[in-house]
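J.: Encoded as structure tokens, here's the structure I'll be asking about.
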Amino acid sequence: MSFKKVRKAVFPAAGLGTRFLPATKATPKEMLPLVDKPLIQYGVEEAVAAGCTEIIIITGHGKASLRSHFEDSAELEELLESRGKDELLASVRSVSNLAKITYVQQLVPMGLGHAVLQAREAVGDEPFAVILPDDIVDAEVPCLKQMVEAFEQVHATVLGSEVVEGAAISHYGCLDCTPDPEYPRLLDVRDLVEKPKPELAPSQNAIIGRYILTPRIFEMLANLKPGAGGELQLTDGIKALLAFEKVYGFSYEGKRHDAGDKLGFLKATVEFALKRKDLGPEFREWLRGQTF
Numbered sequence: 507m508s509f510k511k512v513r514k515a516v517f518p519a520a521g522l523g524t525r526f527l528p529a530t531k532a533t534p535k536e537m538l539p540l541v542d543k544p545l546i547q548y549g550v551e552e553a554v555a556a557g558c559t560e561i562i563i564i565t566g567h568g569k570a571s572l573r574s575h576f577e578d579s580a581e582l583e584e585l586l587e588s589r590g591k592d593e594l595l596a597s598v599r600s601v602s603n604l605a606k607i608t609y610v611q612q613l614v615p616m617g618l619g620h621a622v623l624q625a626r627e628a629v630g631d632e633p634f635a636v637i638l639p640d641d642i643v644d645a646e647v648p649c650l651k652q653m654v655e656a657f658e659q660v661h662a663t664v665l666g667s668e669v670v671e672g673a674a675i676s677h678y679g680c681l682d683c684t685p686d687p688e689y690p691r692l693l694d695v696r697d698l699v700e701k702p703k704p705e706l707a708p709s710q711n712a713i714i715g716r717y718i719l720t721p722r723i724f725e726m727l728a729n730l731k732p733g734a735g736g737e738l739q740l741t742d743g744i745k746a747l748l749a750f751e752k753v754y755g756f757s758y759e760g761k762r763h764d765a766g767d768k769l770g771f772l773k774a775t776v777e778f779a780l781k782r783k784d785l786g787p788e789f790r791e792w793l794r795g796q797t798f
């Protein structure tokens, strides 16, 4: 039996980014720079490294800069070329050549499940990835590439997961799961609970912003009734999927930064800057000299 590969990645990017107001009044949260690249570019590069050739971005009102970022910029390229800025020119051109990018409008933000459902026509009848742009995973092997390799073993929905400590589990979707005896990094999922009270959480295994989903999820989402906040929750759709298919959690290797949170964004900026060969040594020396 032949199985379809994961070729497409969906990026929900229609949210209002209210946690970063007023900066996000005119600039999409996904375009906030982590050092010198917008958040969404990290995710797109991760998807491409995992073998995805088509990126589907779910956009909303005021997101024109997302499209502009991934398009050719003839005027800028000519300017850089005329000034001999070859390295910058190459970096600019590489952005517009990453992958085929399709944009789908989500007119009214109605939750993550609703955003994913908007990609139904663009995805078609094949497995696909979902990446939340403000979850940045720093890993030697890109997180989604790890998950694609796991998917190719089990051919079932795979959810990125990490262990969170204590009461923090109440901020996440939570897996009721057991380790899979055949695949050490996979978790056999029995149920999912959205943002449980800490004392009621079935585990400390949280779902993070990486998913590989089978196309049946669209049927589940289309038949869902709105849940918390009147929104379609992706977690509820995956719960419904459990009645038909296996679902796995995946304990990835790497460090996740919640760049959708101000403190998490600041921490990520510092850590990514320190890792840069062109910035790290001088930045580290400056930090040592500060008296905070």
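Just so you know, we're using our numbering here: the sequence shown kicks off at 507 and counts up by one. Beta carbons: idealized from backbone N, C-alpha and C, even for Gly. This structure is a prediction, so every number in the text was calculated from the model and none was measured.
Kindly identify the DSSP beta-bridge partner or partners of His763.
T.: For the purposes of this step, residue 763 is taken as the residue at position 257 of the sequence shown. In DSSP, His763 forms a bridge with Ile642.
J.: What are the complete beta strand (DSSP E) segments, minimum 3 residues, inside the stretch 517 to 598?
T.: Listed in chain order, the complete beta strand (DSSP E) runs (minimum 3 residues) inside the stretch 517 to 598 are 560 to 565.
J.: So the beta strand (DSSP E) Arg696 belongs to, where does it begin and stop?
T.: Here residue 696 is taken as the residue at index 190 of the sequence shown, counted from 1. Here the beta strand (DSSP E) through Arg696 covers Leu692 to Glu700.
J.: Within 10 Å of its beta-carbon, does Phe497 have 16 or more other beta-carbons around it, so buried, or fewer, so exposed?
T.: The first residue shown for the chain is 507 and the last is 798, placing residue 497 beyond what the model contains.
J.: Helix, strand or coil for Glu668 per DSSP?
T.: For the purposes of this step, residue 668 is taken as residue 162 along the sequence shown, with counting starting at 1. In the structure shown, Glu668 sits in a strand (DSSP, three-state: E or B).
J.: How many angstroms separate the CA atom of Leu727 from the CA atom of Glu791?
T.: The residue given as residue 727 occupies position 221 in the sequence shown. The residue given as residue 791 occupies position 285 in the sequence shown. Their backbone Cα atoms lie some 51 angstroms apart in a straight line.
J.: Whole angstroms are fine: how far does the CA of Gln547 sit from the CA of Val654?
T.: By one-based count along the sequence shown, residue 654 stands at place 148. By one-based count along the sequence shown, residue 547 stands at place 41. Their backbone Cα atoms lie some 19 angstroms apart in a straight line.
J.: Which same chain residues end up closer than 7 angstroms to Leu785 when comparing Cβ atoms and leaving out the 5 residues on each side of it in sequence?
T.: Start at 1 with the first residue of the sequence shown, and residue 785 comes out as number 279. Result list for Leu785: Ala779, in chain order.
J.: Compute the beta-carbon to beta-carbon distance between Val636 and Glu759, rounded to the nearest angstrom, for a pair I have assumed lies under 8 angstroms.
T.: The sequence position of residue 636 within the sequence shown is 130, counting from 1. The sequence position of residue 759 within the sequence shown is 253, counting from 1. The pair is not a contact, with the Cβ atoms about 20 angstroms apart (cut-off 8 angstroms).
J.: Any idea if Gln796 is buried or exposed, counting beta-carbon neighbours within 10 angstroms, 16 or more meaning buried?
T.: Here residue 796 is taken as the residue at index 290 of the sequence shown, counted from 1. It counts as exposed.
J.: Looking only at its chain, what residues have a beta carbon closer than 7 angstroms to the beta carbon of Pro544, apart from the 5 residues adjacent to it on each side?
T.: Within the sequence shown, numbered from 1, the residue matching residue 544 stands at position 38. Once the five neighbours on either side are set aside, the close Cβ partners of Pro544 are Glu536, Met537, Leu538 and His575.
J.: Since Val647 sits in a beta bridge, which residues does DSSP pair it with?
T.: Your numbering for residue 647 matches position 141 in the sequence shown. In the DSSP output, where bridge partners are listed per residue, Val647 has none listed.
J.: Just tell me which of Leu747, Gly736, His677 and Asp686 has its CA closest to the CA of Ile713.
T.: Working through the sequence shown from its first residue, we reach residue 713 at position 207. Measuring from the Cα of Ile713, the nearest candidate turns out to be His677.
J.: Identify whether Lys731 lies in helix, strand or coil by the three-state DSSP scheme.
T.: Indexing the sequence shown from 1 puts residue 731 at position 225. Coil.
J.: Among the candidates Leu572, Leu706, Leu698 and Val660, whose CA atom is the shortest distance from the CA of Lys745?
T.: Residue mapping note: residue 745 aligns to position 239 of the sequence shown, counting from 1. The residue with the shortest Cα to Cα distance from Lys745 is Leu698.
J.: Using only the alpha-carbon positions, how far apart do Met507 and His661 sit?
T.: Taking the first residue of the sequence shown as 1, we reach residue 507 at position 1. Taking the first residue of the sequence shown as 1, we reach residue 661 at position 155. Unreliable placement is indicated for Met507, whose pLDDT of 41 sits below 50; the coordinate value is still reported in the next sentence. So the two alpha carbons sit approximately 11 angstroms from each other.
J.: Would a C-beta distance cut-off of 8 angstroms place Arg716 and Gly666 closer than the cut-off?
T.: Sequence index remark: in the sequence shown, residue 716 carries index 210 (1-based). Sequence index remark: in the sequence shown, residue 666 carries index 160 (1-based). Cβ distance < 8 angstroms, so Arg716 and Gly666 count as in contact.
J.: Measure from the alpha carbon of Ala673 to the alpha carbon of each residue in Glu705, Ala656, Asp644 and Ser597, then state which is nearest.
T.: The sequence position of residue 673 within the sequence shown is 167, counting from 1. Ranking Glu705, Ala656, Asp644 and Ser597 by Cα distance to Ala673 puts Glu705 first.
J.: Cβ atoms of Val516 and Met634: under 8 angstroms apart, would you say?
T.: Numbered from 1 along the sequence shown, position 128 holds the residue referred to as residue 634. Numbered from 1 along the sequence shown, position 10 holds the residue referred to as residue 516. Sequence inspection shows Phe at residue 634; the Met mentioned does not correspond to that position. Cβ distance < 8 angstroms, so Phe634 and Val516 count as in contact.
J.: Please list the terminal residues of the continuous alpha helix (DSSP H) segment that includes Phe778.
T.: For the purposes of this step, residue 778 is taken as residue 272 along the sequence shown, with counting starting at 1. From DSSP, the alpha helix (DSSP H) with Phe778 extends over Lys768 to Lys781.
J.: Within 10 angstroms of the Cβ of Gln652, are there 16 or more other Cβ atoms? Answer buried if so, exposed if not.
T.: Within the sequence shown, numbered from 1, the residue matching residue 652 stands at position 146. Per the 10 Å Cβ criterion, buried.
J.: With distance defined between alpha-carbon atoms, name the residue in Ala625, Leu582, Lys606 and Gln611 nearest to Ser597.
T.: Taking the first residue of the sequence shown as position 1, residue 597 is located at position 91. Considering only alpha carbons, the answer is Leu582.
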